[in-house]
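Participant:
2 protein chains.
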Amino acid sequence: MKILNAKGTKDFLPEEKILRQKIVDQLREIFELYGYSPLETPCLERMDVLSAKYAGGAEILKEGFQLRDQGDRRLGLKYDLTVPFCRVIAMNPQLRMPFKRYQIEKVFRDGPIKLGRMREFWQCDVDVAGCKSMLVDAEMVAIASDFFKKVGLKVVIRINNRKVLDAMMEEAGVEEGKRDSAILTLDKLEKIGEEGVKKEFEEKGIDGEKVLDIVKQKSLKNNEGLDELNELEDFLKLFGVSDYKIDFTLARGLAYYTGTVFEVQCKELDSSVAGGGRYDKMIGGFLGKGEVPAVGISFGLEPIYEILKRKEKVRKSVTEVYVIPIKCFNESLKIVKELRVAGVKCDIDLKGKSISKNLDYVNKMGIPYALVVGENELKAAKFSLKNMETGIEDKLDVSGVVEKLKSCDCIHH
Amino acid sequence: MKILNAKGTKDFLPEEKILRQKIVDQLREIFELYGYSPLETPCLERMDVLSAKYAGGAEILKEGFQLRDQGDRRLGLKYDLTVPFCRVIAMNPQLRMPFKRYQIEKVFRDGPIKLGRMREFWQCDVDVAGCKSMLVDAEMVAIASDFFKKVGLKVVIRINNRKVLDAMMEEAGVEEGKRDSAILTLDKLEKIGEEGVKKEFEEKGIDGEKVLDIVKQKSLKNNEGLDELNELEDFLKLFGVSDYKIDFTLARGLAYYTGTVFEVQCKELDSSVAGGGRYDKMIGGFLGKGEVPAVGISFGLEPIYEILKRKEKVRKSVTEVYVIPIKCFNESLKIVKELRVAGVKCDIDLKGKSISKNLDYVNKMGIPYALVVGENELKAAKFSLKNMETGIEDKLDVSGVVEKLKSCDCIHH
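So the sequence lines, in the order shown, correspond to chains Y and E. So in the working numbering, the last spot in the first sequence is 1026, and the numbers never skip. So in the working numbering, the last spot in the second sequence is 1026, and the numbers never skip.
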């Protein structure tokens, strides 16, 4: 038997998972501060839901994992969190609008494995349904801005509006059947440059010169999309958001967007770290009637993690202090109990190893503190707390240890 | 198109997910206090790993979801967290022992759908590998005891040892080939009673009378399992755990246990809420050599949630205070921003509804407080904070609101 992971999947050992969990906790915190509540949907969905007309489209469906249950029902693993969100709204007419939810879950895509592109990965989505106001579009941008400030990443949030793009294509004389395709080409401007884009336009039989002229001159007048962008900018001012730019070349790949689109670019990585937009028709499509306005943003845990891990010290354990008993295990365990009650993440040598072997273990695991408990220490009720980075030792009683650890930067980030 | 969930799966709307998340957070907290670090493994595993000899066995494999990726590789969805844990240890020889990890993830079983038995559900596992000492067996029991105390559930932790069971079967003259089967029958004593068990023994051609005699008299002498149980009880005293009982009828279904087994029974539900034991041979089986001692416990999110939801007030939103602007949206949004910076989960009417409609919304969502902001309030810099349960209104400035909410029982549990 070969002991391997399934292709395109990987494990996250504590040294990675601790930071990943921290990022997810920070996202949750921001989402909840903005009044978004958690939702959970299954990994398994019926294939006819995943392949619905208003869902992700053929491109994404090609990468879907498919299977059958024992009743021979056609199922698939979910490939995004937007389709389940729409399904939930369609199935729950009792939900009060606006419905503000976040969802942090794994999604699955059986696609080619490029660097960092796994077959199962986390999406962190926040969406609101039932509100037409540009205020919620602004709220999405504000959430992104707040989050990246909080984790210390400099970003630019590029913003555009699909209606602006449509109008520009019309003005450039791009025939209606080719407009979506032209928009996708334009979307690559930052990636492949002007020459690359022009070449692709030519191949598609589109007058690229003219499209680029109009985009650069921003010569559009009296357009609903422009009005929406202006309104959005006013609200962004109210929210105090300034790390954005209006960018008429931004399109976002997916076909279901109907208005505002945005994408968050981090200067330290050549990839977007979050993106989203308004999709007013998708939920109505699922419902089979009417229009339910919606807007959302999806944060990519993988690229955010890739950037942040370069900045953080690796820890292989959540343990804050490791207790090393010298021949007095029972008394040491008592101290461990007190520390845990006080909220200190605490571990103790269970194998009766020597002090030096224990200190070596503490060091290798990146645990910030060691606490040595011997007979002399017990008599004095003062224990030796060693800072593993500086080597400095303090003699403290249990409450002193708790206080020291609670005020330690290296622990409570 | 039928808009439905896949059979045996369900969505968790905020009114359920908020409490479920809280339970998971509480488990995480306890696990980390005991020095266990998080691990994540994929949903997708290679079928040859899932069907390995030392894994869950035929019973569990029968319920496995199987699929193929586009490269036609045989994959399955993981059905527990123990097999991936063993795989991770086998694949990562650099891991330092003892390796203490927790894992809170979904598992998948394509089995019959009985009440509360879904086809994907959460397991919350904590395990340690590389330590033979009964101390870690005691630690597992202590974690369970701590957790259920913390969430306010009265439990009894039944404890036994497989070596005791084996010896009893031997003493009762059960032939070796029938011992595992006899143990499984004995395990049903609490469920189907003495008569039921006797009948099943008879069907299996086992002298049930004798087995029950020996179990009841606890007449076993000089047995390794008994010694281990005694040692475990000594350590449990050290940990301060008293809500357990030694129960010689407890077997636990799975074949891979080798020593201590335990199961947590909650008096309010006719089902176990957690269970586990020692499995010293499974990881070695994966490694293809030697023995790596291991012990773990798995908490069932579903039964714990089922009990706790009866005791908690349902909240459909995480929002702590809902701001209702009377014609002064911009100023209100400023206040919302201040509240969020202070860590208050806060939402605001985005649609310009009337006060009464807003209060109705706040009420229906179970949001504990509403804050009304009008021109008079702005002039006085005092806002009207309404407690939605008592109806009492306080006039407070922003920092007064923050203080009030931070000290409110209904919010920070």
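Quick reminder that beta carbons are idealized off the backbone N, C-alpha and C, glycines included.
Please identify the residue among E:Pro655, E:Gly786, E:Lys812 whose C-alpha is closest to the C-alpha of Y:Lys630.
Facilitator: By 1-based counting over the first sequence, the position of residue 630 of chain Y is 17. Comparing Cα-Cα distances from Y:Lys630 to each of E:Pro655, E:Gly786, E:Lys812, the minimum goes to E:Pro655.
Participant: Among Y:Cys941, Y:Leu849, Y:Asn773, which residue has its Cα nearest to the Cα of Y:Leu863?
Facilitator: For the purposes of this step, residue 863 of chain Y is identified with residue 250 of the first sequence, where counting begins at 1. Ranking the options by Cα distance to Y:Leu863, first place goes to Y:Asn773.
Participant: For E:Asp960, return the contacting residues in chain Y, with the cut-off set at a CB-CB distance below 8 Å.
Facilitator: As a first step, residue 960 of chain E must be located in the second sequence, where it is residue number 347. What E:Asp960 touches in chain Y: Tyr647, Gly648, Lys713.
Participant: Give the straight-line distance between the Cα atoms of E:Gly965 and Y:Arg775, rounded to the nearest whole angstrom.
Facilitator: Working through the second sequence from its first residue, we reach residue 965 of chain E at position 352. Working through the first sequence from its first residue, we reach residue 775 of chain Y at position 162. Distance between the alpha carbons of E:Gly965 and Y:Arg775 is about 26 Å.
Participant: Provide the residue(s) that pair with E:Pro651 in DSSP beta bridges, ordered along the chain.
Facilitator: In the second sequence, residue 651 of chain E corresponds to position 38, counting from 1. DSSP lists E:Tyr715 as partners of E:Pro651.
Participant: Classify E:Ser650 as buried or exposed, calling it buried when 16 or more other Cβ atoms lie within 10 Å of its own Cβ.
Facilitator: Taking the first residue of the second sequence as 1, we reach residue 650 of chain E at position 37. Under this definition E:Ser650 is a buried residue.
Participant: Starting from the N-terminal side, write out each stretch of the alpha helix (DSSP H) that is 4 residues or longer and does not extend beyond the stretch 795–828 of chain Y.
Facilitator: Correct list: 802–816.
Participant: Counting only Cβ-Cβ distances shorter than 9 Å, please list the residues of the stretch 961–979 of chain Y near chain E, keeping chain order.
Facilitator: Under the 9 Å Cβ criterion, the stretch 961–979 of chain Y contributes Ile961, Leu963, Lys964, Gly965, Tyr974, Lys977, Met978.
Participant: Should E:Met895 be flagged as near chain Y, meaning a C-beta pair shorter than 8 Å?
Facilitator: Position 282 of the second sequence, counted from the start, is the residue given in the question as residue 895 of chain E. It does not: the Cβ of E:Met895 has no partner Cβ on chain Y nearer than 8 Å.
Participant: So E:Leu833 packs on E:Val769, CB below 8 Å; how close in whole Å?
Facilitator: Here residue 833 of chain E corresponds to residue number 220 of the second sequence, with the count starting at 1. Here residue 769 of chain E corresponds to residue number 156 of the second sequence, with the count starting at 1. Not confirmed; about 22 Å, so no contact.
Participant: Any beta carbon of chain E sitting closer than 8 Å to that of Y:Ser1012?
Facilitator: In the first sequence, the residue the question calls residue 1012 of chain Y occupies position 399. No, Y:Ser1012 does not count as interfacial toward chain E.
Participant: Check for me: the alpha helix (DSSP H) holding Y:Ser885 runs from which residue to which?
Facilitator: Mapped onto the first sequence, residue 885 of chain Y falls at position 272. No alpha helix (DSSP H) contains Y:Ser885, which is instead part of the beta strand (DSSP E) from 885–891.
Participant: Using a C-beta cutoff of 8 Å, does E:Leu640 count as contacting chain Y?
Facilitator: Along the second sequence, one-based indexing puts residue 640 of chain E at 27. No, because no Cβ of chain Y sits closer than 8 Å to the Cβ of E:Leu640.
Participant: Whose C-alpha, out of E:Asp847, E:Gly987, E:Lys1019, is nearest the C-alpha of Y:Phe942?
Facilitator: Along the first sequence, one-based indexing puts residue 942 of chain Y at 329. Out of E:Asp847, E:Gly987, E:Lys1019, E:Asp847 has the C-alpha closest to the C-alpha of Y:Phe942.
Participant: Who are Y:Val769's beta bridge partners in DSSP?
Facilitator: To locate residue 769 of chain Y, count along the first sequence from 1; it is residue 156. DSSP lists Y:Gln878 as partners of Y:Val769.
Participant: Are the CB atoms of Y:Val934 and Y:Val957 within a distance shorter than 8 Å?
Facilitator: Taking the first residue of the first sequence as position 1, residue 957 of chain Y is located at position 344. Taking the first residue of the first sequence as position 1, residue 934 of chain Y is located at position 321. The answer is yes: Cβ separation under 8 Å.
Participant: What do you get for E:Arg953, buried or exposed, if any count of 16 or more other CB atoms within 10 angstroms of its CB means buried?
Facilitator: Taking the second sequence and counting its residues from 1, the one referred to as residue 953 of chain E is at position 340. Looking at its Cβ environment, which holds 16 or more other Cβ atoms inside 10 Å, E:Arg953 is buried.
Participant: Can you name the residues of chain E whose CB is closer than 7 Å to the CB of Y:Met753?
Facilitator: Here residue 753 of chain Y is taken as the residue at index 140 of the first sequence, counted from 1. What Y:Met753 touches in chain E: nothing, since even the nearest Cβ is about 12 Å away.
Participant: Excluding sequence positions up to five away, which residues of its chain have a Cβ less than 7 Å from the Cβ of E:Lys995?
Facilitator: Residue mapping note: residue 995 of chain E aligns to position 382 of the second sequence, counting from 1. Answer for E:Lys995: Lys1008, Leu1009, Asp1010, listed in chain order.
Participant: Determine the chain E residues that contact Y:Met704 at a beta-carbon separation under 7 Å, and present them in chain order.
Facilitator: Working through the first sequence from its first residue, we reach residue 704 of chain Y at position 91. Near Y:Met704 (Cβ distances below 7 Å), the residues of chain E are Ile616.
Participant: Could you tell me which residues DSSP pairs with E:Gly909 in its beta bridges?
Facilitator: Taking the first residue of the second sequence as 1, we reach residue 909 of chain E at position 296. Note: E:Gly909 sits in a beta bridge opposite E:Asp740, E:Gly890.
Participant: Rounded to whole angstroms, what is the Cα-Cα separation between E:Ser911 and E:Asn1000?
Facilitator: Within the second sequence, numbered from 1, the residue matching residue 911 of chain E stands at position 298. Within the second sequence, numbered from 1, the residue matching residue 1000 of chain E stands at position 387. E:Ser911 and E:Asn1000: Cα-Cα distance of roughly 40 Å.
Participant: Using a Cβ-Cβ cutoff of less than 7 Å, which residues in the same chain neighbour Y:Ala780 once the five nearest sequence positions on both sides are dropped?
Facilitator: Locating residue 780 of chain Y in the first sequence gives position 167, counting from the first residue. So the list reads Leu833, Asn836, Gly838, once near-sequence residues are dropped.
Participant: Kindly confirm or deny that the stretch 748–759 of chain Y and the stretch 897–915 of chain Y touch, where touching means at least three C-beta pairs closer than 8 Å.
Facilitator: Yes, the stretch 748–759 of chain Y touches the stretch 897–915 of chain Y.
Participant: What did DSSP end up calling E:Pro706 once you bin it into helix, strand or coil?
Facilitator: What you label residue 706 of chain E is simply residue 93 of the second sequence in a count that begins at 1. Coil, per DSSP.
Participant: Tell me the start and end of each unbroken alpha helix (DSSP H) in the stretch 931–976 of chain Y that is at least 4 residues and wholly inside, in chain order.
Facilitator: DSSP runs (the alpha helix (DSSP H)) wholly in the stretch 931–976 of chain Y: 942–954.
Participant: Using alpha carbons as the reference points, say which of E:Thr1003, E:Val949, E:Lys977, E:Ile917 lies closest to E:Val608.
Facilitator: An answer regarding residue 608 of chain E cannot be provided, because it is not within the stretch 614 to 1026 covered by chain E.
Participant: Measuring straight from C-alpha to C-alpha, what distance separates Y:Lys1017 and Y:Gly987?
Facilitator: Stepping through the first sequence from its first residue, residue 1017 of chain Y is reached at position 404. Stepping through the first sequence from its first residue, residue 987 of chain Y is reached at position 374. Straight-line Cα distance between these residues: approximately 20 Å.
Participant: Taking the alpha helix (DSSP H) that Y:Ser997 belongs to, which residues open and close that run?
Facilitator: On the first sequence, position 384 is the one that residue 997 of chain Y refers to. Y:Ser997 -> not in any alpha helix (DSSP H); beta strand (DSSP E) instead, spanning 996–1000.
Participant: Can you name, in chain order, every residue of its own chain whose Cβ lies under 6 Å from the Cβ of Y:Glu803, other than the five neighbours on each side?
Facilitator: Within the first sequence, residue 803 of chain Y is the residue found at index 190, counting from 1. So no residue of the chain qualifies.
Participant: Report yes or no: is there a C-beta of chain C within less than 8 Å of the C-beta of Y:Ala619?
Facilitator: Chain labels in this structure do not include chain C; the protein chains are Y and E.
Participant: Please list, in chain order, all residues of the same chain as Y:Leu632 whose beta carbon is under 7 Å from its beta carbon, the five residues on each side excluded.
Facilitator: Start at 1 with the first residue of the first sequence, and residue 632 of chain Y comes out as number 19. Cβ within range, chain order: Tyr918, Leu921, Lys922, Glu925.
Participant: Does the contact criterion of 3 or more C-beta pairs under 8 Å hold for the stretch 706–718 of chain E versus the stretch 730–745 of chain E?
Facilitator: The answer is yes - the stretch 730–745 of chain E touches the stretch 706–718 of chain E, with three or more Cβ pairs under 8 Å.
Participant: I'd like to check one pair, E:Met895 with E:Tyr869: are the Cβ atoms closer than 8 Å?
Facilitator: Start at 1 with the first residue of the second sequence, and residue 869 of chain E comes out as number 256. Start at 1 with the first residue of the second sequence, and residue 895 of chain E comes out as number 282. Result yes, Cβ atoms of E:Tyr869 and E:Met895 sit closer than 8 Å.
Participant: Please go through the same chain and pick out, in chain order, the residues whose beta-carbon is closer than 6 Å to the beta-carbon of Y:Phe760, but skip the five residues on each side of it.
Facilitator: Within the first sequence, the letter at position 147 stands for residue 760 of chain Y. Cβ within range, chain order: Ile643.
Participant: Can you name the residues of chain E whose CB is closer than 9 Å to the CB of Y:Leu626?
Facilitator: One-based indexing of the first sequence puts residue 626 of chain Y at position 13. Under the 9 Å cutoff, chain E gives Ser650, Leu652, Glu653, Val701, Asn705, Leu708, Arg714.
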